[in-house]
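**Student:**
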Amino acid sequence: MPLWAIEFVPEAAKELKKLDCKAAARIVKTLESRIAILEDPRSLGLPLKGEHDGYWLWRVGDYRIIARIEDERITILVVRVAHRKEVYR
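In my numbering, the protein residues as written are 54 to 142.
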């Protein structure tokens, strides 16, 4: 049972839909079965610095998930899902 809710901003949901089915399914499965069930999702993620300060990164194969962890709502708000070559642009 997930401790954390997973939400996507509209742009991230659109990026996820553009991916091939296998990659998208793997990303959603990772979010639900590995990250959302953790007491603290920061234990698997990497904090971003600079202009992306306050956001967290998770790697899933060649894809990256960038999200903001909202402790007060117990929610992981996914703001970006993209290939590693494009994710920081």
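Backbone N, C-alpha and C define an ideal beta-carbon position, used for all residues, glycine too.
According to DSSP, is residue 14 part of a helix, a strand, or is it coil?
**Tutor:** The requested residue 14 is not part of the displayed model; the chain covers only 54 to 142.
**Student:** Whether or not the segment 61-69 and the segment 133-140 are in contact is what I'm after, with contact meaning three or more pairs of Cβ atoms, one per stretch, closer than 8 Å; do they touch?
**Tutor:** yes
**Student:** Answer with buried or exposed for residue 98, where buried requires no fewer than 16 other C-beta atoms within 10 angstroms of its C-beta.
**Tutor:** Here residue 98 refers to the residue found at position 45 of the sequence shown. Buried is the call here.
**Student:** Give the single residue among 113, 58 and 141 whose Cα lies nearest to the Cα of residue 89.
**Tutor:** Stepping through the sequence shown from its first residue, residue 89 is reached at position 36. Per the Cα distances, 58.
**Student:** With a cut-off of 8 Å on the beta carbons, I'd call residue 139 and residue 130 a contact; round off their distance for me.
**Tutor:** Counting from 1 along the sequence shown, the entry for residue 139 is found at position 86. Counting from 1 along the sequence shown, the entry for residue 130 is found at position 77. That belief does not hold up - the Cβ atoms of residue 139 and residue 130 are roughly 20 Å apart, past 8 Å.
**Student:** Can you name the residues that DSSP bridges to residue 116?
**Tutor:** In the sequence shown, counting from the first residue as 1, residue 116 sits at position 63. Paired residue(s): 113 and 136.
**Student:** For residue 79, collect the residues of the same chain with a Cβ closer than 7 Å to its Cβ; drop the 5 residues on either side in sequence, then sort them by chain order.
**Tutor:** Here residue 79 is taken as the residue at index 26 of the sequence shown, counted from 1. Within its own chain, the residues whose Cβ lies closer than 7 Å to the Cβ of residue 79, once the five positions on either side in sequence are excluded, are 113 and 114, listed in chain order.
**Student:** Which class does residue 63 belong to by DSSP, given the choice of helix, strand or coil?
**Tutor:** As a first step, residue 63 must be located in the sequence shown, where it is residue number 10. The answer is helix: DSSP assigns residue 63 an H, G or I state.
**Student:** Let me check understanding here. Comparing Cα to Cα, which of 104, 87 and 101 lies closest to residue 56?
**Tutor:** Counting from 1 along the sequence shown, the entry for residue 56 is found at position 3. The shortest Cα separation from residue 56 among 104, 87 and 101 belongs to 87.
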